[in-house]
Each structure stands twice: as structure tokens, then as C-alpha cells.
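Some notes on the structure that comes next.
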Amino acid sequence: MKVENVVCPFCGCLCDDVIVYVEDGAIKGVEKACSIGRSLFLKHREDLSLPSIDGRETSIDEAINEAVNILRDKKHVLIYGLSSTSIEAQRKALELADLIGASIDQTTSICHGPTSLAIHQTGIPTCTLGEVKNRADVVVFWGSNPLEAHQRHYERYSLIPKGMFVTEGRRGRKLVVVDVRPTPSSRAADIFIQVRPGEDYEVLNALRYMLKGGKLDGEVGGVKVETLKSLLDIMLSAKYGVIFIGMGLTMTRGKYHNVEAALSLAIELNSHTRWSVVAMRGHYNVSGAGMVLLWQTGFPMAVNFSLGYPRYSPGEYSAVDLLRRKEVDAVLVIASDPVANFPREAVRNLLSLPIIAIDPKRSLTTMVAKVVIPTAKVGIETEGTAYRMDGVPIRVKKILNSIYPSDEEVLDRIIAKIKGEERNA
Amino acid sequence: MREFCLITGRTIKQGITLHDGKTTEVYRNEVGIVYLNGEDMEELGIIEGSSVLLKTDYGQVVVRAVKGDLPKGMAFMPYGPWANMLTSANTHGTGMPDLKGIKLYIYPACEEVWDWKRVLEEVKSVEG
Amino acid sequence: MPNDSLIIKGGIVYDPLNGVKGSIKDIYVKDGKIVEDLSEEAAEVIDVTGMIVAPANVDIHSHIAGPKVNSARLMRPEDHLRDPLRRKNGLRSGCGFSVPTTFVTAYRYLLLGYGTVMDPAVPPLKARHALEELEDTPVLDKGIYILMGNNNILYYLLKKGDKKSAKLFAAWLLKSAGGYAIKVVNPGGTESFKWGKIFNSLSDDTIWGIKPKVVVDILNEVACEFKLPHPVHLHTYNIGIPGSYKAALDTINAFKDNRLHLAHLQYFCYGGDSWATFRSESVKVVEALSNYENITADMGQVIFVDTTTMTADTPWEFTLHKLAGGRWSNSDVELETGSGIVPYRYRMDNLVNSVQWAVGLEIALLLGPWRVFLTTDHPNGGPFYFYPEVIKWLTSADARKEMIEKIHPKAKKRIYLHNIDREFSLYEMITMLSAAPAKALGLKEKGHLGAGADADIAIYKPKGSVAETLSRVEYLIKDGRVVVRHGEIVDASYIGRIIRVDTGVDDSALSNEVRELFDKFYSVTFSNYKVEDVYFKREVVKRVV
Amino acid sequence: MIVLQLKERVFLPLEAEVISVDKFAEAGSVDRISKLSVFYGRDKMELGEFFKIEGSIEDGRILIEGDLSKVKRIGKDMSWGVLEIHGDVGMHLAEGLRGGKVIVKGNVSDWLAMGMSGGLIYVDGNVGNLACASYWGEKRGITGGVVLINGSVGDDLGRRMRRGTIVVMKDAGDFAGAGVIAGTLFIMGKVGKAPGAEMKRGTIVLLEEPSSILPSFRYSGEFRPYFVDFYISYLERNFPIKFPDKLRGSYFRRYMGDFLQLGKGEILVCLD
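Sequences listed follow chains A, B, C and D, in order.
Quick note: the first sequence uses the numbering used here, first residue 1, plus one each step.
Quick note: the second sequence uses the numbering used here, first residue 1001, plus one each step.
Quick note: the third sequence uses the numbering used here, first residue 2001, plus one each step.
Quick note: the fourth sequence uses the numbering used here, first residue 3001, plus one each step.
Okay, here's the thing in C-alpha cells:
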């Protein structure tokens, strides 16, 4: 069976033109997806997780019961992950957090969290990826390597496609890449600007200063002022420019200040011509996790419900900080692998806590979790909404059956049980 | 001792092997890895594909060294459990730990590249 | 399901659409509808002797959900910090103030006696987002208006002179995005801003070489030919600036032969040719409107409060950002529209803000309650839960006088408000809040208490004044369920309906050319564009034309 | 004086905004003070379950002893009296402080004195990140008061402060004085990256040359700012603090900035 226009549940590009061939209940072929997307579809049945308690295989029902026991008894639970599941499940996770007075954080806190912090401070002029395709004549990738992290980004949205007002496609666009090292993405660029690690802020500061008419000489952040001047000229000559920002800004020294500087530059450029900023979001629904958190709590991540209402404090209720300070007594992980993704110090404390892991696949987290609840993979075995990196919501599809329930169902059952017990008490 | 700057990031192979499973050999081969500048490798006496011991203020790990297109003094590792043995959990009040731009020291090693079990052992063993 | 039959006994009933002005009578409810009669044994009887019984309120224009509302939430953590709400009685926690979370939005609307709220500006590409938020805005019936005034495909077809395709496309768009009405915001202006230009006109050529008037005419025709229950919901050009009343007059003149709704009219009633000479010209606009019963409007009243402005009028938000300084967000949506967000504080000691405050009340008092409805263009003029303040000013000339003493001293010479003595009665106020907007929306089952109406009933305990009485319901019945009892929400566990129209225009009606434009220029495939039925699975009302 | 002793170490966050002179005075007796509610994780509990409480609040003095590093929001919105803490203390100490004194003999975690408008804070040890900083999205940080820190502070010290004085005797992290609208910061040790970024007005006095000054600052000569002398002798007279001698009568190198904003702020670097 040929399934067309399948949405790839891997990265924030959320490509929705993938063709998948299904035979005998398994995926036999994939077209149009990038190499990572192909791997995701074709190897989807490999290394799956099994329901277990303390490493002992068990039934889904028992695993859920054990999870309920932990969540009911503990005083301060961390709910973490969310970026690789559907809106429907994310909603339930928030309802649970509200119900049990937990802290809830999503993977964005170690991804584009600083971008949210910067938006609090400055706002953001942004656009959907179709605007980039149709209008952008200058695109700047700053601290981002799409050819490895978002492989079809150039092809589908930002560089190659012929748009309504950029009729020549690649030839109608200038590509600038700013990074601390050459990457496959920078090799495709018209201009590559190599910044000294940790000095993006200074470079952005210099660009803004020159935009305001300030004079500089010498070099800033390892870049000649001459080079920056010509970059600024390119930016000013653009009809519609877009800066894509990546982890190169959010994870390096300066963090949200770096992003704030990039956003401010774009805002200030709008007094001359049109510029937007788009964050290169990693997981396919990390954008969505932020959206649900925002509409239910007002905040995009790092929310605590201990006092019965949402409080926001990145650096306090964010997962890495809660673990580093060891301020929680249990962790519920949904569709994420903090044991593999967190810095060592945070992982060490995480390992000393009871972990409940809800995940279709085996991961380092499921290997050490007290309770493992396998679920159907969203976008392959269950449908749901996901938000692309630019906030466009797309319905991901179900193409195979699973013997396991969805994340949404598991969370719903946990909530029902906890509520039921509340009534009895 | 020479100081390097550790940058972590995505690679295609990391993304592909992720779907084989994080406990698999293929994943270790692509993620338990550090890319270095060729001249730096020569200076340190490190042979392409050999094991190196990496140390930062926050931890240590043994991975495979591979030549990469990098400026001198820079080391690049794919995101994953190996790189995270070396990163700092200090978020400076932002929620975002220091995952790029970390001071790194590199030593040739005869030990095999750590597997995920050894990585977890190391996580547990070190106090501080 | 709680008791499905109710008798609301002994209340003083106000039902403007049925001409009931404060008669004591019982209201019977069965299966979510109001019925003529009911046997007492089967039903729950609620004794509301001495209380005011009215149709639940209807908000015709309130930005409560969707992409730009959420972007505004992201921009304002400090705003949420001031107004947290605890989880209690099974209600969800959240935050309020200028951009409340979805649950809090619903709870506060319910306590004000609302049963239906319309979100007036949703880009079709992101309609799913609005619908998902509305799913988390429980109990209320909700609808969305679809932004079309800057749609590139529409302009493309019009430029070709293919009016038929253009109309079919608009009707298809409305259906596929799950919309209830067509919304137009600064036609041509939002598109021009994508080119870095500020464009404000109905009769000049847009970037596409098409006059905005032509676009609105076509959309009016769509509304007419497809018998849409609500006409084009128009936010015209030149919002918020000195001299904006001319845009209102121009717009009224251009479309006087159509049914039309003018959104947040207050912002289009300013005179003067600079901020220094800024003044009210509400009287001229009211005069122009008084001849055309076919045109309705809502207030867009300003409250003196720190709020967050948000609109698809991107050039205006950029202008406001330059005027007010501080944060600015903008989001361009491919081929369709855009939106801008700027936090803004209306201040009593500011002359312009003082005039704005008066203008909203002037138009309402001069033209209400059947033609101009209560809104604050939430949250643009201020959060909706400040409506009781507005009601106070509409129902009490003394309360207005008191305020006029407090606002900027120079304002008095530039407004008409102090010369208006009219005070709306309880009956008129209920008309303005429920009957009139329901009628303008073409919601035949809403806004009245006659048999066959949805059993959305607001019951108030009479207090010292009309404003106090209407400030919080004692009971709210929604679809026959008792949602508020003794002034507290007791049941907010169901999600309410999405009200949308079905124009009957399916994919097959679109020309190949439109399909090709789609495939070439959108960043999503055609088959993944249309909003799937799953977003309407819960208690849909379809209104097939 | 009323004395609170932590009975045993707490591991989860203990939300104790009730510990303030205002709230204690309102409660009155020790008995009623012990019944004030705190949150331990999600559990609502009583203050007396965690602290041994003795003495009287009549003179407006509170002394707390123990490892309070998990105890948050002590001294919230306090307006008078003296709150003395012997031991390390957790986040959000003295949030919204309006008056009175908060004295800490130990280290303080992040978010010290957010939204402070008056009063005095004295910290003997080190302070975490975002000390005296504006909340996310808030236009202005602290609007008054004096904060004296004997040790070092983390990043984002005094973000967007509107008025007030902050003295740090040792090092400050990155982005010290970012977005300052007005007010004065003294940093008597090393300072991290980008001091004064986006500052509008205000003064940052540095004892040591910073590792770099942002491109958007302009060097504007060397001079002897008498107000620094007056200022430090005023602070020394009134508060328990002693500035390095080098500062007195010294010449300073002056950088004006941040020219991305008004450009009316200054960074003064003490010359040898």
C-alpha cells in the first residue's frame, strides 16, 4: 500500500510530502524523506521498549498502576520531555502536572529555551517557512547547520525552492552562514563568516552598532569589521530577509542574550527593510509543546504547580536545574531521553530517583527507569497534531497499528486513576 | 597541557543511527566520537580512529578520534551520552546548561571506546 | 449527563428578541433547548424568584485563541505573574490579565454570563491552532472568522479577472478552515507591509495592482451568494490614527448597500490631523451610519489598563511599536496574512488615550444597543473581564462624569461624551450583550429565550445598579446544564461547540490553477492543508447553506 | 527577637514566604506564627513543623539558623524590621523588599531581591545568578534600596535596575548591569563578559579592567569622579562595608554607552 503526503515525525521541518510503502503491517519503503527520516520510518520496529517495573517485564496495566503509586505518593514530581509526542498527549501531561502539583518542563529548555527568554525581553518578528520560500532574497543561518540537523530545509523552504516572488529559486537568494566552524551548510553558502566560539554576542552587537551609524575598525569576535560591514550592506539591501537561529546562539556563552541581540538586530532592520527571525526547532513537536504550555499556563516551559497555580522560572523549575539541585523526588519522562541528553551531573542525580518512562523505543532512560510504559509511536502508529518550527500545525498520520496504547491514552488512564483515588480519600 | 574548545552538535549519522537504538553498536560508532583538526591530532600524536580520553572540569569519557574540518583548537562531538559526560549542568539561571564552548583536555588512550553501560557506570561513580 | 430537564421558576425575564421586558415567567428547558412546557416531576426546579433571567451573552469580537494570542502569551510572562488562578473544584489553574490562558478565559466569560464567544482573526493555515485552543476553552460555544483580505491567491485570481474562481476559492477557504465568517483586516495593507511599505486605502492600487475595495466587494458577494449568517467582518484601513474617521466614512460609503460589520469602530472615529490635534469625530461616523441599518459595529472600548494589542493589521502594530517603544512581535503567514503584537498601557493622564476612552462610549450611546455591541476588542482595548466597568459607564451618566473629571484635562474639549445624557436600561444592556450580537451573527438559536433556542441562560441577582447586577451571574445555564450555581462554576467539564459554516464548496470545485498555485507556493501539501474533521468531533454545529 | 531553628535538613523546596517581619507581626504570638502555612513540595504544612520557634516578634527582629538552601522566598514583600539568617539560603530571598534589613551570614541562591523597592540587604557570602534582576519581560528591575554583597555574584546582576545601589566586593559574572535604566553598581573584583550591555543610564564602577568592553561603548577619557569618593564614604559611614583603598581619590577610565540604547550610561574603570 502506498501512503502519500505522510508527515515525518522527526525534526521541526515536519515535511509533509513523504511517501511510505506499507506491506504486511510493516514499512517497506520510503520516498522523499531525508536520510534520517528514512531511518526513522524503516527502523521504526527496531529496539522497541517493553513494559517493565524495576527491569522486570510486566503488563501495561501493572506498569500504569505502579506509575500511579509513585505519582500519588511523591511530593514534587518532575514531568519532562513532551517534544516528540502529539499535542493531545502534551495536553494530558499538563493536566496531570496541574493535578499532582508537579513541575513540568519540556526539551526546549535545553534547546531553544533561551530563544523564549529573549522573546520575553524583545518580542520577535517572524514568519512561516512558506514566506521564506516565496519572498526571502537573503537568508542567514546563524549557529545552525541545517544540512545535518534539518536536512531538507534548504531544499523545501529556505534556499532552493522557487517562490511566488523569488522566481529564480537558488539564484534569486543570497545565503549567509555564520558559525564557529565550517559545516556542510556553510559550504553551500555565498558568504561564510567564522566567529570565535562564545563571541556571537559581540559580533551581533557590532552589527547593531554599525546599523545605528557607529564606526568601528579592526575585528570583533574574530571577524574583520570590513566583513561585518559587507554583511550589513547585504542585510540592508534585502527585500525580505530571514535569520535562522540555532543552538550556536542558545547553547553558547551569553545564551538568551545572544538571541536577544539577534532579535534586536532584526527588529531594528525593520525600520529599513523587512527582516524576520525563525528558530530552527529540533524535535518535530517541540514547538507544539511550547504552544500547549503557553495556552494552558501562560508560559512556554519550566512551570511549577506546587502551590496550585502555574509559576514560571527557568533556572529553577527547568529540568536540568531541578535535577542538579535534586529538588524533586520522582521523574516522569514522556517521549524523551534525558539520561542520554543531560549533562552528567544532572544525570547522576536523575539516576538516584524513581523514573517512569513513557516511550515507544528503548533509550538510556528506559534502561534505568523504575517503570517503563511502551506506547504507540506518534506519526506512525497513532495520529495527532504537531507544530512545525514556524508554528504551522499539521496533522501527523497513523499508518500502522500498534499493540500498545498512545501516550495520550496512557496519561489519560493515569489521570483517571489518580482522580478516582482523590475522590475516595 | 593544551586546552581545546569543545563544541557539541548534530550530525546526520547521529540522527540516522538513533533509530537503530541507543544501545546499539552502530550508534556507539557514530556518537562515541570526537572530531579534531588534523594538525592538532598530529601534534597530540593521535591516530585516526584511535581511542582518546577526554576530560573537562565536569567529567571524562573515552571516545574515538576522527579528523574533521575544524579550526585548530576546536573539538566537535555529536550530541549524546558521550558528549554529555563532559558538559556542565550549570544553567546560569536560564535552564540551559553549558553545552557548547567548554574547556577540554585530550589524551591518547588505549582503552576501548566506552559503551553505554560504561558511560552509566561513570555517571554513578564520580562524586562531586 | 446531569438532569436534562430544568424549570427556571419565578424569575424576571428579559428577552429582547421576543419583546419580553421584565415579566415574571417560568422558562422550561429540555435536552439543551428551551421548550414551551414541561411536566414538573421530571425536571430539576431552580427557584430564581426575584432574579433577572436573560439570554446568555454573546461576544462578537474577542481575541481569545490562536497563533497570535499565544505569541502574545509568550511575550508577557510578567503580565501573567500578576494574576495567577488556583486549581479548585476540579477547575484548571491558569493565569489571567491581558492574555489569559484558555481555561481562565472560559471561566471568566462564564461568570460574566457569556455562552458564545467569537474569535475574529484566524489565518486559515493556522486554523488548527485556534481550534485546539478553543477545545481547551471549555463550555462556551465558539467560532472563528477567517482572514481573507490579504490572501495572495485571491488577489492573483482577481488580477486575472477571474471573479468566479475567486469567489469559489473564498467559499472553499471558509469551509476548509472551519470558519464561521469572513474577516478582512486592512485589505492590501498587511500584504504591503511584507514589502516594507505602509499601505492604507480602499481605492488605491495594492502591491497586486488591485484596489482593496474590489476585494471586499467580492467577499461581500460571497457572503451574500452563500447566505453566510454573518456578513463580512471588516477592520478597515487607517486604524488608530488621527483622522481615522475618514476611513470609516469612506468604508461606510463604499459598502453602504451591503450587510456589513465594522469591527471595533472606536478606533476609526478619530479626527485631527496629528497626535497634537487628536479628537473625537464619533458624531460624524454615527451620522453616516444612522442611515444604514444593514451595517452593525462593535465598540472596541478602551480601558485604562496595561494590556497587549494584537491584530492582523501588521503595519499598524509596527507603527505602534515605533510610537510606544518596547517589545514588538510580528508574524507573516505565507500567502494569507500576518499579525503584530505590542504591549500597550492606556493611561488616564494621556490625552490621546482619554479621547479614545470617550469615543467608544459615544458611539455605543449614540447608536446602541441594537447596532453597536459591547466589546473591548479583547485584549486590544483592555481585557474582556473589564466589561462590567464599561457597563457602568453605559448605564450611568454620573459614572461617566466622574471619569471625565479624572482623565486628561484637555480631553473634555475634544470629546462629546459629557454632552450625552443617555443611560442604557437593564433591558437595553441585555439587548446589547445578547440579543443584538446574536442577531448580527445570524445565530438564530442564540440571544433569546423563545422555544427552540439553545438553553443558554444567564441569571443575575439584582444588586444596586445595572452594572453591579450584570457583573457576575448567580446561575448560568449552558445547553441546559447548570454551569454556574450560586455564583460559582460547578461544571466546566465539557468543551462546548465549534460553530462553523459549510459553504458546500469542496476541493473538487477548485480549478486546476488554484491547485497548482497551492502546490507551488504553499509550504504544506494541499491534502494536509484542510482542517480535518477531528478538530470538530466534539459537538459540532454545521450550518449547511 | 524571634529565633527560628531548622529542625532537620529539607531536601525538597520549602516555600516559606511567610517568614517576614510583617507576617510574623501580623500573626503575633509564637503559637500563631508556628501555624503559618508553608509548602513542602505540593504539601501545605505549618511553619512550626520545620522550625523550632522561640522568642517574640515585638522588636521586629527575626533570626533564622540552619541550612536554608532549599528554603525559598524568605522575606517576601517585607517592609520593616530586621531579618537575620545564619546559614545558606535558597532562591528568591527578599523578593519585593520594601524596607527593613535582611542580613545573611552565608551564601544566597538565585533571584535575590527581585522587584525590591527599598531597604537594605547585606550578604556575607556569595550570591547566585539574576541578583536584583528584572523578571522575564518586566521593563524594570529593582527601583530602590541598597544591596551589599561581600562575596561574588553570578550572571545578570542588576538587570534593568531603575534605581538603587548594588555593591559586590568580589567577582561578578557575565552581563552585569545589563539594561540598567539608572542606579549604581560597584564591582570590586573581576567582571565577566559584556558588562552594561543595553544600559540606558546609570553607572558601573569597576575596580579591575574588564576582559572586554562591548563595541557599542565609547571610550571617553580619564577623569577623577568626585562623586565616587562621596558615594563610598557615604556607604562606609552608613553600612557595614569597607571599600578597597585604591578606589579613593583615584582616576577612572570612562566608557559611555550603551549606544544601542540611550548611550547615557557609564562604565568607570579604576586606574592604578
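Using N, Cα and C, we set each Cβ at its ideal position, and we do this for glycine too.
Quick caveat, the model's predicted, so the values are computed rather than measured.
- From the beta-carbon of residue 208/A, the residues of chain D found nearer than 8 Å are 3216 and 3260.
- The beta carbon of residue 2370/C sits closer than 7 Å to the beta carbons of 2431 and 2436 from its chain, once the five residues preceding and following it are set aside; these are given in chain order.
- Any Cβ of chain C closer than 8 Å to the Cβ of residue 127/A would place that residue at the interface, and such an atom is present.
- According to DSSP, residue pairing for residue 2531/C in a beta bridge does not occur.
- The Cβ atoms of residue 2434/C and residue 2055/C sit closer than 8 Å to each other.
- Fully enclosed alpha helix (DSSP H) runs of no fewer than 4 residues occupy 2466–2469 of the segment 2466–2514 of chain C, in order along the chain.
- The Cβ of residue 1099/B sits closer than 8 Å to at least one Cβ of chain A.
- When C-alpha distances from residue 208/A are compared across 3206/D, 3207/D and 3214/D, the shortest belongs to 3214/D.
- Distance from the CA of residue 2209/C to the CA of residue 2162/C, rounded to the nearest whole angstrom, comes to 15 Å.
- Within the segment 199–280 of chain A, the alpha helix (DSSP H) runs of at least 4 residues that lie entirely inside it are, in chain order, 200–211, 225–237, 247–250 and 256–269.
- By DSSP's assignment, residue 194/A forms a beta bridge with 179/A.
- Contact between residue 2126/C and residue 2066/C is confirmed by a C-beta separation of about 7 Å, below the 8 Å threshold.
- Within chain D, 3135 have C-beta atoms less than 7 Å from the C-beta of residue 2081/C, given in sequence order.
- Counting C-beta atoms within 10 angstroms of its own C-beta, residue 2024/C has fewer than 16 neighbours from the protein chains shown and is therefore classed as exposed.
- Residue 2147/C has 2183/C as its beta-bridge partners, per DSSP.
- A check of alpha carbon separations from residue 1022/B across 407/A, 366/A, 372/A and 401/A identifies 366/A as the nearest.
- Between residue 3047/D and residue 3018/D, the CB-CB gap stays under 8 Å.
- Under the 8 Å Cβ criterion, the segment 2086–2094 of chain C does not count as touching the segment 2058–2075 of chain C, having fewer than three qualifying pairs.
- For a Cβ distance threshold of 8 Å, residue set 291, 387, 391 and 393 of chain A lies close to residue 2129/C, ordered along the chain.
- Taking C-beta atoms under 8 Å as the contact rule, residue 1035/B and residue 1075/B qualify, at a distance of about 7 Å.
- Cβ contact annotation for residue 246/A (same chain, cutoff 6 Å, sequence separation greater than five): 143, 144 and 280, in chain order.
- Its Cα nearest to that of residue 349/A, the residue 328/A stands out among 328/A, 359/A and 334/A.
- Within 10 angstroms of the beta-carbon of residue 1001/B lie fewer than 16 other beta-carbons, which makes it exposed.
- For residue 3086/D, the secondary structure class from DSSP, reduced to helix, strand or coil, is strand.
- Its Cα nearest to that of residue 3020/D, the residue 3002/D stands out among 3010/D, 3009/D and 3002/D.
- Rounded to whole angstroms, the gap between the alpha carbons of residue 2321/C and residue 407/A is 42 Å.
- Within the DSSP secondary-structure output, residue 2330/C pairs in a beta bridge with 125/A and 2340/C.
- The Cβ-Cβ distance between residue 2376/C and residue 2303/C falls below 8 Å.
- Counting only residues of its own chain and dropping the five nearest sequence neighbours on each side, residue 3157/D has a CB closer than 6 Å to the CB of 3131, 3172 and 3176.
- For secondary structure counted as the beta strand (DSSP E) over 3 or more consecutive residues, the segment 2235–2275 of chain C holds these complete runs in sequence order: 2260–2262.
- Under a criterion of Cβ atoms nearer than 8 Å, the residues of chain A adjacent to residue 3012/D are, in order, 75, 76, 327, 328 and 329.
- The segment 3189–3201 of chain D and the segment 3224–3234 of chain D do not touch, with fewer than three beta-carbon pairs separated by less than 8 Å.
- Within the segment 2191–2210 of chain C, the residues whose Cβ lies closer than 9 Å to some Cβ of chain A are 2193, 2194, 2195 and 2196, listed in chain order.
- The beta-carbon of residue 1095/B is placed no less than 8 Å from the nearest beta-carbon of chain D.
- Residues of the segment 3025–3050 of chain D with a Cβ closer than 7 Å to any Cβ of chain A, in chain order: 3039, 3040, 3041, 3042 and 3043.
- Distance from the CA of residue 332/A to the CA of residue 307/A, rounded to the nearest whole angstrom, comes to 19 Å.
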